[in-house]
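The next block holds one structure in the form of structure tokens; read it before the comments.
2 protein chains.
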Amino acid sequence: MELERAAKCLSELGHPVRLAAFRLLVRAGPEGLPVKQIQAHLGIPQSTLSHHIAHLVAAGLITQSRQGRMLICRVDYETIRGVLDFLMRDCCAGVVLPPEGPP
Amino acid sequence: MELERAAKCLSELGHPVRLAAFRLLVRAGPEGLPVKQIQAHLGIPQSTLSHHIAHLVAAGLITQSRQGRMLICRVDYETIRGVLDFLMRDCCAGVVLPPEGPP
DNA sequence: CATAAATATCTAGATTTCCAGAAATATCGA
DNA sequence: TCGATATTTCTGGAAATCTAGATATTTATG
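Just so you know, the protein sequences line up as chains S and D, in that order.
For what it's worth, this note's numbering labels the leading residue of the first sequence as 1372, then goes sequentially.
For what it's worth, this note's numbering labels the leading residue of the second sequence as 1372, then goes sequentially.
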């Protein structure tokens, strides 16, 4: 995962409502949860939640699949793993020479 | 770590410049790096970087200590560990009954 | 003390995000 | 087809963030 993508994901997770929704899905595991249930847990207006979920989907942090009239949301584990790996990769490996400063 | 704090940290990391700076410090390890060197790497105006670093400090993601006229920045590993733990804790543990819906 | 170096603060305009009500869309069941 | 349910899209104003130049602050050095 490259910088821009990781930053995008972290930024989307950096909102209390979206983070709470994501956490709920992490706990739910591979089965996921329908939007309705997420709303029941978080207790926020429909349109607001829909907006936030769209953000998570756009970032690739969660996926959606229709089941009847419900949309089941699931964590995209590959994406979140990529983000976490990006954050801490090469920890303490040292930093190469900085670009030339002014003389 | 509780939700609001974690969201704050993730949000601060969710900006390309701050994420790049943080990554640099992760690689640098416990020795840290002075602001000047971070700027040399990122190549952005001084005031802009200073602003972003202040954000990271305020979130508790990095610490600063003066050494001569330089400010050495270091990752606060305890904080970042708390954030990562918060993100994936209780993965797949299941979700308890949702709050009552309307009858 | 005067100067230079490293960094923070002030400022203000441009851009982006946030929120929730209202309306639209899609799917199911009778 | 009609009605109910689940969800998205539209909308627009309020609030927050981003950027970088100019200036100020702090510390070391000669």
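All C-beta atoms in this analysis are idealised placements derived from N, C-alpha and C, irrespective of residue type, glycine included.
In this text the structure is predicted, and so the values were computed from the model without any measurement.
Out of the options, state which residue places its alpha-carbon closest to the alpha-carbon of residue i.
i                : options                               : result
V1466 of chain S : D:F1393, D:V1388, D:A1429 and D:L1381 : D:F1393
G1431 of chain S : S:D1447, S:L1420, S:Q1438 and S:R1437 : S:D1447
I1451 of chain D : D:L1427, D:D1461, D:Q1435 and D:G1439 : D:L1427
A1378 of chain D : D:L1413, D:R1445, D:D1456 and D:E1402 : D:D1456
A1464 of chain S : D:M1372, D:L1395 and D:L1384          : D:L1395
Given a cut-off of 9 Å, decide if residue j and residue i are closer than it, judged by their beta-carbon atoms.
i                : j                : result
H1422 of chain D : S1382 of chain S : no
C1380 of chain D : I1409 of chain D : no
C1462 of chain S : G1400 of chain D : yes
Taking the straight line between their C-alpha atoms, what separation do you get for residue i and residue j?
i                : j                : result
R1389 of chain D : A1411 of chain S : 35 Å
E1471 of chain D : L1458 of chain S : Unreliable placement is indicated for E1471 of chain D, whose pLDDT of 49 sits below 50; the coordinate value is still reported in the next sentence. Answer to the nearest angstrom: the Cα atoms are 38 Å apart.
R1376 of chain D : E1402 of chain S : 28 Å
Q1417 of chain S : A1429 of chain S : 18 Å
I1415 of chain S : E1373 of chain D : 19 Å
L1442 of chain D : L1404 of chain D : 8 Å
S1436 of chain D : T1434 of chain S : 43 Å
R1475 of chain D : Q1438 of chain S : Outside the displayed range of chain D (1372 to 1474) lies residue 1475 of chain D, so it cannot be described from this structure.
L1541 of chain D : E1449 of chain D : Missing from the structure shown is residue 1541 of chain D; chain D here goes from 1372 to 1474 and no further.
Measure the beta-carbon distance from residue i to residue j and round it to whole angstroms, keeping in mind my assumption that it falls under 8 Å.
i                : j                : result
L1406 of chain D : I1424 of chain D : Looking at the sequence shown, residue 1406 of chain D is not Leu but Val. Confirmed, about 6 Å.
A1391 of chain S : L1420 of chain S : Wrong, their Cβ atoms sit about 10 Å apart, outside the cutoff.
In terms of residue numbering, what span does the alpha helix (DSSP H) encompassing residue i cover?
i                : result
R1460 of chain S : No alpha helix (DSSP H) contains R1460 of chain S, which DSSP labels as neither H nor E.
I1424 of chain S : Q1417 to A1430
H1412 of chain S : V1406 to L1413
E1383 of chain S : L1374 to L1384
V1397 of chain D : P1387 to A1399
Span of the beta strand (DSSP E) holding residue i?
i                : result
V1446 of chain S : M1441 to V1446
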